[in-house]
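Structure record follows, encoded as structure tokens.
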Amino acid sequence: MKITLTTLLLSALFLLGCADTPISPIMDDNHSYQFIKLPKKSGMSVETSFSITKTINGTVGGNIYLYESYVAEDGHTVSIYVNLKVRRHSYVGDATITLTVDDEFADVSFTPAMVFDKPLILDLTFEGIDLTTVDYDFVFIDDDGTTGEVTYNSLHVNEAQGTIWVNKAKLDHFSRYGFVN
Numbered sequence: 045m046k047i048t049l050t051t052l053l054l055s056a057l058f059l060l061g062c063a064d065t066p067i068s069p070i071m072d073d074n075h076s077y078q079f080i081k082l083p084k085k086s087g088m089s090v091e092t093s094f095s096i097t098k099t100i101n102g103t104v105g106g107n108i109y110l111y112e113s114y115v116a117e118d119g120h121t122v123s124i125y126v127n128l129k130v131r132r133h134s135y136v137g138d139a140t141i142t143l144t145v146d147d148e149f150a151d152v153s154f155t156p157a158m159v160f161d162k163p164l165i166l167d168l169t170f171e172g173i174d175l176t177t178v179d180y181d182f183v184f185i186d187d188d189g190t191t192g193e194v195t196y197n198s199l200h201v202n203e204a205q206g207t208i209w210v211n212k213a214k215l216d217h218f219s220r221y222g223f224v225n
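Under my numbering, think of the first position of the sequence shown as 45, with each following residue one higher.
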């Protein structure tokens, strides 16, 4: 009886091992995110996107601030707050950094393409947007639309005020970063 049971067990393991589809208790961690859309601008809003450019010496450090707002089609105000902190010794020499807030989604991009010796610190807030889902995250967004994890101290959502913000997100390189659900 033991020999028959052992033979059946080994045969089953062999057949499962040869299957085209892997059988594993490990779940695929591939998240399917949706980018958080910004409300459309009213005809009274002139700007299509917001950006600021500043030269910062990476040995000394510095900050880039951006505060902008616009009137949405339904008449309410959408506000955007950005604070990028370049810490001392993040990179060598001067870099002319451009920070651009997307005009369609709750995200921000940075140029030129750079990798840092010490992460830069980003605080980012969007107010007056539709936040009706349960789960939110702040991620790196690659050129092909794939996303990657970003380390941050905290992420807050106030659905009643339509406000989402991230505190002290650590940026290892310049690219596009934003909120997803």
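Note that CB positions come from ideal geometry on N, CA and C, so glycine has one too.
Note that the coordinates shown come from a computational prediction; the quantities given were computed from them, not determined experimentally.
> Tell me which same chain residues have a C-beta within less than 6 Å of the C-beta of ASN74, skipping the five on either side of it?
Replying inline: Residue mapping note: residue 74 aligns to position 30 of the sequence shown, counting from 1. Low per-residue confidence applies at ASN74: pLDDT is 46, beneath 50, and the placement is therefore not dependable enough to give any value.
> Which one or two residues does DSSP pair with VAL224 in a beta bridge?
Replying inline: Working through the sequence shown from its first residue, we reach residue 224 at position 180. BP columns for VAL224 point to PHE79 and ASP181.
>> Starting from VAL136, trace the beta strand (DSSP E) in both directions and tell me its first and last residue.
In response: Counted from its first residue, the sequence shown places residue 136 at position 92. Here VAL136 belongs to no beta strand (DSSP E), and DSSP marks it neither H nor E.
>> So, with DSSP's three-state summary, where would you put GLU148?
In response: Within the sequence shown, numbered from 1, the residue matching residue 148 stands at position 104. Coil.
> Do the CB positions of THR191 and TYR125 come within less than 7 Å of each other?
Replying inline: Walking along the sequence shown from the start, residue 191 turns up at place 147. Walking along the sequence shown from the start, residue 125 turns up at place 81. No, these two residues do not count as a Cβ contact at 7 Å.
> Taking just the CA atoms, how far does ASN211 sit from LEU199?
Replying inline: Taking the sequence shown and counting its residues from 1, one reaches residue 199 at position 155. Taking the sequence shown and counting its residues from 1, one reaches residue 211 at position 167. Each residue's Cα considered, the two are about 6 Å apart.
>> Can you find the residues in the same chain that come closer than 7 Å, C-beta to C-beta, to ASP161, ignoring five residues on each side of it along the sequence?
In response: Sequence index remark: in the sequence shown, residue 161 carries index 117 (1-based). Counting only residues of its own chain and dropping the five nearest sequence neighbours on each side, ASP161 has a CB closer than 7 Å to the CB of HIS133, SER134 and TYR135.
>> For the beta strand (DSSP E) containing ALA213, name the first residue and the last one.
In response: Counting from one through the sequence shown, the residue named residue 213 turns up at place 169. Per DSSP, ALA213 is one residue of the beta strand (DSSP E) stretching across 207-217.
>> Taking a contact to mean a Cβ-Cβ separation below 7 Å, would you say THR99 touches ASP138 in this structure?
In response: As a first step, residue 99 is located in the sequence shown; it is residue number 55 there, counting from the start. As a first step, residue 138 is located in the sequence shown; it is residue number 94 there, counting from the start. A contact, by the Cβ cut-off of 7 Å.
>> Taking 8 Å as the limit between beta carbons, can you name the residues of its chain near LEU82, skipping five residues before and five after?
In response: To locate residue 82, count along the sequence shown from 1; it is residue 38. VAL122, ASP146, ASP147, GLU148, PHE149, ALA150, PHE170 and ILE173.
> Helix, strand or coil for SER86 per DSSP?
Replying inline: As a first step, residue 86 must be located in the sequence shown, where it is residue number 42. Judged by DSSP in its simplified three-state form, SER86 adopts coil rather than helix or strand.
>> As a quick exercise: from VAL201, PRO163 and PHE184, pick the residue whose alpha carbon is nearest that of THR233.
In response: The first residue shown for the chain is 45 and the last is 225, placing residue 233 beyond what the model contains.
> When we look at the beta-carbon of ALA213 and count the other beta-carbons within 10 Å, is it buried (16 or more) or exposed?
Replying inline: One-based indexing of the sequence shown puts residue 213 at position 169. With 16 or more other Cβ atoms from the protein chains shown falling within 10 Å of its own Cβ, ALA213 counts as buried.
> Does the beta-carbon of GLY102 have 16 or more other beta-carbons within 10 angstroms, so that it is buried, or is it exposed?
Replying inline: To locate residue 102, count along the sequence shown from 1; it is residue 58. Buried, because 16 or more other Cβ atoms sit within 10 Å of the Cβ of GLY102.
> The beta strand (DSSP E) spanning VAL194 covers which residue range?
Replying inline: As a first step, residue 194 is located in the sequence shown; it is residue number 150 there, counting from the start. Per DSSP, VAL194 is not a residue of any beta strand (DSSP E), being assigned neither H nor E.
>> With H, G and I counted as helix, E and B as strand and the rest as coil, what does DSSP make of HIS120?
In response: Position 76 of the sequence shown holds residue 120. It is coil, neither helix nor strand.
> Where LEU110 and VAL178 are concerned, what is the direct C-alpha to C-alpha distance, given to the nearest angstrom?
Replying inline: Within the sequence shown, numbered from 1, the residue matching residue 110 stands at position 66. Within the sequence shown, numbered from 1, the residue matching residue 178 stands at position 134. Rounded to the nearest angstrom, the gap between the Cα atoms of LEU110 and VAL178 is 28 Å.
>> Using the three-state DSSP reduction, which class does GLY106 fall into: helix, strand or coil?
In response: Taking the sequence shown and counting its residues from 1, the one referred to as residue 106 is at position 62. In the structure shown, GLY106 sits in a strand (DSSP, three-state: E or B).
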